[in-house]
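Numbering (this note's numbering), first residue to last: 28 to 344. Virtual Cβ for every residue (Gly too), placed ideally from N, Cα, C. This structure is a prediction, so every number in the text was calculated from the model and none was measured. Inspection log for the structure reproduced underneath, given as structure tokens.
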């Protein structure tokens, strides 16, 4: 307990200093964290770790009765030191991203510091990469196997999450490209839904909604990922359900008999029209836009909705 408390205290101080200022530039102020610093950052009690419910913990630990302290310990043990080959690959990827930003003449509000962590990804179900606060965790497997082009695209995707987290005005502007509105406060979900939600470290806050057509009626809905049942076995990904939660005029979720209403994408007639068809990773507007951001920078053949990419680029210029 003492070690965890110390890591939390030091990590919170580091993040408080690092995350304050933003600058509009094509030059990305990134650096590589030591393993000791990575352990402090990854065990910080922040908005993401505070959002974990029992399912989040069990699924990531692949345990029926996991504890938050166990998941924090797993995360700490999953951190790795950077090797010279890793640094070289990532330096090349960041150079490609910076060159693409300059070519597109984008104005992006980077945080004053972007910190890079290396992990085994055991703490996040084998993901390629993810973000929290002003840092990006990158998996050792993707560093070993990804091509230069794929790594640059991955870095672009993850950087987008830092941009929306760092600047709410930027977030509002880019979310509007796909018709989403961003509130100045989080949407408060009822307790029954909170126990079903699957936490995504890249989505730091559920504060957005968009109009969707359900049974011929336009309804403002928040987009979530959730589970239909308790964790029993297997990987986190096999439990993911995409849901649209209808909101009233005060942006409070509708309920029936104490159960929060959730619609599946198949029940929404204009779901694809709203989010576009450029990416299959349509689990949240944040992820949809992050993929399209990578297409702005590096292109993609045979896009279904090239206008979406063009509109997103214009919103950032």
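Note to self: On a Cα-Cα basis, can you pick out the residue from 126, 198 and 234 that is closest to residue 348?
What the structure shows: Nothing about residue 348 can be reported from this structure: the residues present for the chain run from 28 to 344 only.
Notebook entry, point to check: Apart from the five residues just before and just after residue 341, which ones in its own chain have a Cβ nearer than 8 Å to its Cβ?
Noted result: Looking up residue 341 in the chain shown gives position 314. Excluding its 5 nearest sequence neighbours in each direction, residue 341 has no C-beta neighbour in its own chain below 8 Å.
Item checked: Assigned secondary structure, residue 145 (DSSP; H/G/I helix, E/B strand, else coil) -> In the chain shown, the residue the question calls residue 145 occupies position 118. In this structure, DSSP gives residue 145 an extended state, which the three-state scheme calls strand.
Item checked: Boundaries (first-last residue) of the beta strand (DSSP E) holding residue 102 -> Reading the chain shown from its first residue, position 75 is the one you call residue 102. From DSSP, residue 102 is part of no beta strand (DSSP E) but of the alpha helix (DSSP H) over 95 to 105.
Note to self: Could you check whether the region 73 to 93 touches the region 247 to 263, counting it as contact only if at least three pairs of C-beta atoms, one from each stretch, sit closer than 8 Å?
What the structure shows: yes
Note to self: For a test of the three-state rule: what should DSSP assign to residue 247, helix, strand or coil?
What the structure shows: If you number the chain shown from 1, residue 247 lands on position 220. Of the three classes helix, strand and coil, the one that applies to residue 247 here is strand, per DSSP.
Checklist line | Segment limits, beta strand (DSSP E) that includes residue 158 | finding: If you number the chain shown from 1, residue 158 lands on position 131. Run containing residue 158: 156 to 159, per the beta strand (DSSP E) assignment.
Next item on the list: Please state whether DSSP places residue 77 in a helix, a strand or coil.
Entry: On the chain shown, position 50 is the one that residue 77 refers to. Three-state result, residue 77: helix.
Next item on the list: Measuring only between beta-carbons, confirm whether residue 171 sits less than 8 Å from chain C.
Entry: The question asks about chain C, but that chain is absent: this structure has only one protein chain.
Next item on the list: Kindly indicate the opening and closing residues of the beta strand (DSSP E) around residue 164.
Entry: What you label residue 164 is simply residue 137 of the chain shown in a count that begins at 1. Looking at the DSSP string, the run of the beta strand (DSSP E) that includes residue 164 is 162 to 166.
Next item on the list: Could you check which residue in 239, 329, 258 and 320 has the C-alpha nearest to that of residue 292?
Entry: Locating residue 292 in the chain shown gives position 265, counting from the first residue. For the residues 239, 329, 258 and 320, the minimum Cα distance to residue 292 belongs to 239.
Margin query: Below 8 Å, how does it come out for the region 194 to 206 and the region 310 to 317: are there three or more Cβ pairs, yes or no?
Written below: Verdict: yes, contact present.
Next item on the list: Would you kindly check if the distance between the Cβ of residue 157 and the Cβ of residue 229 is under 8 Å?
Entry: Position 202 of the chain shown, counting from 1, holds the residue named residue 229. Position 130 of the chain shown, counting from 1, holds the residue named residue 157. Yes, the pair counts as a contact, with Cβ atoms nearer than the cut-off.
Notebook entry, point to check: In whole angstroms, what separates the C-alpha of residue 290 from that of residue 119?
Noted result: The sequence position of residue 290 within the chain shown is 263, counting from 1. The sequence position of residue 119 within the chain shown is 92, counting from 1. Approximately 43 Å between the Cα atoms of the pair.
Check: Could you give the distance in angstroms between the alpha-carbon of residue 245 and the alpha-carbon of residue 297?
Finding: In the chain shown, residue 245 corresponds to position 218, counting from 1. In the chain shown, residue 297 corresponds to position 270, counting from 1. When the Cα atoms are used, residue 245 and residue 297 turn out to be separated by approximately 10 Å.
Next item on the list: Take residue 108 and list the residues in its own chain whose beta-carbon comes closer than 6 Å to its own, dropping the five residues that flank it on each side.
Entry: As a first step, residue 108 must be located in the chain shown, where it is residue number 81. If we look at residue 108 and ignore the five residues flanking it on each side, its Cβ neighbours are 62.
Checklist line | residue 271 (DSSP reduced to helix, strand or coil) | finding: Counting from 1 along the chain shown, the entry for residue 271 is found at position 244. Note: residue 271 maps to strand in three-state DSSP.
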